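Quick note on the UniProt record's numbering: the sequence shown kicks off at 1 and runs consecutively.
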Amino acid sequence: MKNALITGITGQDGSYLAELLLEKGYNVYGIMRRKSVVDYGNVDHIKDKINFIYADMTDVISLINAMIISQADEVYNLAAQSFVATSWEQPIATADINALGVTNMLEAIRTVKPSAHFYQASTSEMFGLVQEIPQKETTPFYPRSPYGVAKLYGHWITKNYRESYNLYACSGILFNHESERRGKEFVTRKITDAVVRIKLGVQDHLELGNMDSKRDWGHSKDYVKAMWLMLQQETPDDYVIATNETRTVREFVEIAFNHVGITVEWQGTGVDEIGIDKTTGKTIVKINPKFFRPAEVDILLGDPTKAETVLGWKREIPFANLVERMVKNDMELVTREIKISKLN
Ligand code: NAP
Ligand code: F7E
Numbered sequence: 001m002k003n004a005l006i007t008g009i010t011g012q013d014g015s016y017l018a019e020l021l022l023e024k025g026y027n028v029y030g031i032m033r034r035k036s037v038v039d040y041g042n043v044d045h046i047k048d049k050i051n052f053i054y055a056d057m058t059d060v061i062s063l064i065n066a067m068i069i070s071q072a073d074e075v076y077n078l079a080a081q082s083f084v085a086t087s088w089e090q091p092i093a094t095a096d097i098n099a100l101g102v103t104n105m106l107e108a109i110r111t112v113k114p115s116a117h118f119y120q121a122s123t124s125e126m127f128g129l130v131q132e133i134p135q136k137e138t139t140p141f142y143p144r145s146p147y148g149v150a151k152l153y154g155h156w157i158t159k160n161y162r163e164s165y166n167l168y169a170c171s172g173i174l175f176n177h178e179s180e181r182r183g184k185e186f187v188t189r190k191i192t193d194a195v196v197r198i199k200l201g202v203q204d205h206l207e208l209g210n211m212d213s214k215r216d217w218g219h220s221k222d223y224v225k226a227m228w229l230m231l232q233q234e235t236p237d238d239y240v241i242a243t244n245e246t247r248t249v250r251e252f253v254e255i256a257f258n259h260v261g262i263t264v265e266w267q268g269t270g271v272d273e274i275g276i277d278k279t280t281g282k283t284i285v286k287i288n289p290k291f292f293r294p295a296e297v298d299i300l301l302g303d304p305t306k307a308e309t310v311l312g313w314k315r316e317i318p319f320a321n322l323v324e325r326m327v328k329n330d331m332e333l334v335t336r337e338i339k340i341s342k343l344n
């Protein structure tokens, strides 16, 4: 039985990866941050099957301790300040966790168990102001946010430790992946949650920032399989994981509303653009400039050919199904929430 250590286990990807590794018979260890109220986040349903270790990416001693306790054969470094918008508000914390945190984890591995295989959660945000379309492993990087800059450090230090110390260290350059477990501040979940609330009459309208922004959106459940595959190869390498499809935020809004039987019609341009319910004539989408970013990533479109060829990875959940699943899940959650509020 192999031991796996997951940092960021309470997050979206951490939870799907933990489920996958448990299914495969791994002994799963997960790093948790100390909080005033104990919260298992997205792994609450499987918390009894996980060995939790209190640690923090900014505290190398706690990571060394996590390596000693877990004796991990595989380490998946998913912990991060992962919300791009927050990285302008907290650039130092973002760098401490997303950049230096990676060195802390690599040093812990080097100190305790250098034979461990290491996965780093790199990101398409490193391509930022894209230098070619589609983006692949050889595309030059040009990050556009403190988040992207910090992740680029994490990416290069992973490569550097592979080359300097011969560690089995890989980076997965993952494009946006979403799910029913996505945080509600990210645009996809913000949209599906609002669509359901508007349909059920408990929210008036949805406010968004840049709707022209294009993203390559997949499902987290497919993407964690790629992480595992990367650590099972003969030699460590870096891989782009993406769907090779891109859509605007506006298209995501239209499709999500379609799933609850609402057709959106667009009027106006720029900050004056509004989305109207075709049947009722009511304004259900507005632009709020507070959601614009100081520097934007306009388009992301990834080419996963290398991962498909070398790892045999394949996306299984198509885009239409991703949106449908998220809307259906939010419909169940919000309906339950409304029922409970009526009982109180
Ligand atoms: P997420 O849901 O925001 O989860 C982030 C996790 O990191 C949480 O478990 C969080 O713990 C933990 N964490 C944050 N700061 C920490 C610290 N100082 N010490 C220890 N743990 C800390 O993110 P995700 O969507 O699952 O993404 C997983 C990883 O992939 C991240 O590194 C992200 O940057 C990267 N990535 C994500 C995407 C995507 O589209 N989802 C694409 C490319 C790369 P708490 O529960 O305590 O907050
Ligand atoms: O924004 C635009 C926004 O916050 C997507 C993280 O997982 O993927 C994620 O980063 C786009 C941006 O994700 C709103 O300006 C418009 O262009 O959902 P997001 P992200 O910034 O792409 C990458 C790959 C990661 O690595 C990150 O960890 O949508 N947008 N209006 C909006 N975005 C938000 N959040 N809220 C809006 O109201």
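No residue lacks a Cβ here, since even glycine has one placed at the ideal position from N, Cα and C.
This one's a predicted model, so the numbers in the text were calculated from it and none came from an experiment.
- The secondary-structure analysis by DSSP pairs residue 214 across a beta bridge with 248, 299.
- If one requires a minimum length of 3 residues, the beta strand (DSSP E) runs lying completely within the region 144-214 are 168-174, 206-208, in chain order.
- In this structure the region 217-232 does not touch the region 291-299; the number of beta carbon pairs closer than 8 Å is below three.
- In this structure residue 69 does not touch residue 43 by the C-beta definition: roughly 18 Å separates them, more than the 8 Å allowed.
- Exposed is the label assigned to residue 294, since fewer than 16 other Cβ atoms lie within 10 Å of its Cβ.
- Using a cutoff of 8 Å, the CB of residue 97 counts as near the ligand NAP, since one of the ligand's heavy atoms is closer than that.
- Relative to the ligand F7E, the beta carbon of residue 82 is positioned inside 8 Å of a heavy atom.
- With a cutoff of 9 Å on beta-carbon distance, residue 134 and residue 242 are scored as near each other.
- Proximity of the beta carbon of residue 122 to the ligand NAP is indicated: a heavy atom of the ligand is located closer than 8 Å.
- With the rule of 3 Cβ pairs closer than 8 Å, the region 324-340 does not count as touching the region 160-171.
- The beta carbon of residue 317 sits closer than 8 Å to the beta carbons of 218, 219, 221, 222, 325 from its chain, once the five residues preceding and following it are set aside; these are given in chain order.
- When DSSP reads this structure, residue 277 sits in a beta bridge with 264.
- Short of 7 Å from the beta carbon of residue 314, and not among the five residues preceding or following it, lie these beta carbons of its own chain, in chain order: 308.
- Using a cutoff of 8 Å, the CB of residue 85 counts as near the ligand F7E, since one of the ligand's heavy atoms is closer than that.
- Distances taken from the Cβ of residue 197 to the heavy atoms of the ligand NAP include none shorter than 8 Å.
- One thing to note: residue 64 has its Cβ within 9 Å of the Cβ of residue 111.
- Per DSSP, the continuous alpha helix (DSSP H) segment holding residue 319 begins and ends at 319-343.
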